[in-house]
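Contents: one structure, followed by commentary.
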Amino acid sequence: MTSGGDAPGMNAAIRAVVRACSYYNVECVGIYRGYQGLIEGDFQNLSSRNVSNIINRGGTILKSARSAEFRTSEGRKKAYNQLKKAEIDAVVLIGGDGTFTGGMIFNSEYNFPCIGIPGTIDNDIFGTNFTIGYDTALNTVVEVIDKIRDTASSHNRLFFVEVMGRDAGFIALNAGVGSGAEEILIPEENLGLDRLLEALKRSKRSGRSSSIVVVTEGDKIGKSVFELANYVEENLPQYEVRVSVLGHMQRGGSPSCFDRVLASRLGVRAVELLLDGQTNLMVGLVNNIVETTELEHAVKGHHEINKELLRVSDIMSF
Ligand code: F6P
């Protein structure tokens, strides 16, 4: 099952789970439309051939949804009954923290075996260095900022580029460093408006004619990216400011090789764990080794932003 926001590489994870089941002679059933499909019994048997030619496709062939009904105990009871009726013994959950929270609650109520695979572009899950989809999203963002930079430099403009990440600055920080952004605003670090103005003034004094500021959608500076742009334009009239909100283009597209390989590794391990009688775990990649973390820790733990990268980004803006 895939649930929550789609991420590039989810199909590669589905393929890995289906093929691992085939390899180990286990029947595999796809649950469509996340927890909502689980409640409604939207299931379909999947064989190895059903997942041919999907490793390269973005989105999720199983589709995804955010289900309000699964948040209710009646909804979860319906889901349990559907699983029993279809003689399903365990579930692999591909998604982010909302997906895992649902799985944990379900497991505590019905003792139903489940293993989580982290799939979200945000990379905000504890217990894995990388979530499936994050690397592809980074590459998408860098490609787009490279293009924006052409206009920024041709017109001597300052661009505010808003990227996704909900409350996490992984995409902004890494894509910001990778695309040579002058400033990066992330929720984990409140730069403050004064420091931003100072940094932009310094940048102008140093002879820079155009700039890119990458802003996380959930930045805590207290202003939307448009308000931020207006504020800077009012206080620094020497700048001609434009805003670009990248939005859902960051979630789509063919997964990178990294995401495909990650998804394949995690998918195989998820099936092997279930066959081994394990449950309530998330599989993740830690220092290039596939490791497991309790679902509860994956949800409650905090995936820390890389402080060294913050320092590198500060030094790069000089
Ligand atoms: O969690 C992935 C994500 O793309 C976040 O970065 C973003 O805040 C959110 O999903 C958007 O969700 P939706 O597509 O439901 O608007």
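Going by this note's numbering, the residue at position 59 of the sequence shown is 45; the numbering climbs one at a time, nothing skipped.
Just so it is clear, CB atoms sit at the ideal spot from N, CA and C, and this is done for glycine as well.
Residue i CB to nearest heavy atom of the ligand F6P below 6 Å
| i | result |
| --- | --- |
| methionine 150 | yes |
| glycine 87 | The residue asked about is misnamed: residue 87 is threonine in this sequence, not glycine. No, Cβ of threonine 87 sits at least 6 Å from all heavy atoms of the ligand F6P. |
| aspartate 121 | no |
| glycine 239 | no |
| aspartate 153 | no |
| glycine -9 | yes |
| aspartate 108 | yes |
Span separating the alpha-carbon of residue i from that of residue j
| i | j | result |
| --- | --- | --- |
| glutamine 30 | glycine 239 | 25 Å |
| glycine 270 | glutamate 203 | 26 Å |
| threonine -12 | phenylalanine 145 | 35 Å |
| glutamine 68 | valine 254 | 25 Å |
| isoleucine 40 | alanine 161 | 26 Å |
| cysteine 7 | histidine 283 | 27 Å |
| isoleucine 0 | phenylalanine 212 | 39 Å |
| valine 227 | alanine 185 | 15 Å |
| tyrosine 10 | valine 200 | 46 Å |
| leucine 267 | valine 257 | 12 Å |
| lysine 70 | glycine 61 | 14 Å |
| tyrosine 18 | aspartate 121 | 25 Å |
| glycine 178 | aspartate 110 | 23 Å |
| leucine 48 | threonine 58 | 23 Å |
| methionine 150 | glycine 119 | 12 Å |
| valine 128 | valine 163 | 9 Å |
| alanine 215 | valine 229 | 7 Å |
| proline 99 | tyrosine 225 | 57 Å |
| isoleucine 91 | valine 78 | 15 Å |
| leucine 182 | tyrosine 21 | 42 Å |
| leucine 171 | aspartate 108 | 15 Å |
| alanine 76 | proline 104 | 17 Å |
| histidine 141 | serine 210 | 24 Å |
| leucine 159 | leucine 296 | 7 Å |
| arginine 143 | asparagine -3 | 39 Å |
| serine 192 | leucine 260 | 58 Å |
| glycine 166 | lysine 293 | 17 Å |
| alanine 249 | phenylalanine 304 | 38 Å |
| arginine 246 | glycine -5 | 6 Å |
| valine 130 | lysine 63 | 45 Å |
| glycine 45 | glutamine 236 | 11 Å |
Residues that residue i bridges to, as DSSP identifies them
| i | result |
| --- | --- |
| phenylalanine 146 | Val199 and Val229 |
| glutamine 30 | Gly16 |
| valine 77 | Cys100 |
| glycine 270 | Glu277 |
| leucine 261 | Answer is none; leucine 261 lacks a bridge partner. |
| threonine -12 | Ile80 |
| glycine 105 | Ile118 |
| leucine 171 | Val201 |
Rounded distance between the beta-carbons of residue j and residue i, thought under 8 Å
| i | j | result |
| --- | --- | --- |
| glutamate 306 | isoleucine 198 | There is simply no residue 306 to check, as the chain begins at -13 and stops at 304 in what is shown. |
| alanine 89 | glycine -10 | At residue 89 the sequence reads glycine, which differs from the alanine that was named. Contact doesn't hold; Cβ gap of about 11 Å is too wide. |
| isoleucine 291 | glycine 155 | 6 Å |
| valine 231 | glutamate 148 | 4 Å |
| serine 196 | alanine 138 | 4 Å |
| valine 15 | isoleucine 101 | The Cβ separation is near 15 Å, so there is no contact. |
Close beta carbons around residue i, own chain, < 6 Å, minus the five adjacent residues each side
| i | result |
| --- | --- |
| asparagine 42 | Ser240 |
| glutamate 55 | Ile25 and Gly61 |
| aspartate 83 | Val285 |
| asparagine 221 | Leu183 |
7 Å Cβ shell around residue i - same chain, five flanking residues per side excluded
| i | result |
| --- | --- |
| glycine 287 | Phe112 and Gly113 |
| serine 242 | Asp121, Thr122 and Asn125 |
| asparagine 176 | Lys206 and Ile207 |
Short CB-CB distance (under 7 Å) between residue i and chain B
| i | result |
| --- | --- |
| alanine -2 | Going by chain labels, chain B is absent from the structure shown, which holds only one protein chain. |
Cutoff 8 Å; reference residue i; Cβ partners in own chain excluding five residues on either side
| i | result |
| --- | --- |
| glutamate 13 | Cys7 and Asn31 |
| alanine 65 | Tyr21, Leu24, Ile25, Phe56 and Phe92 |
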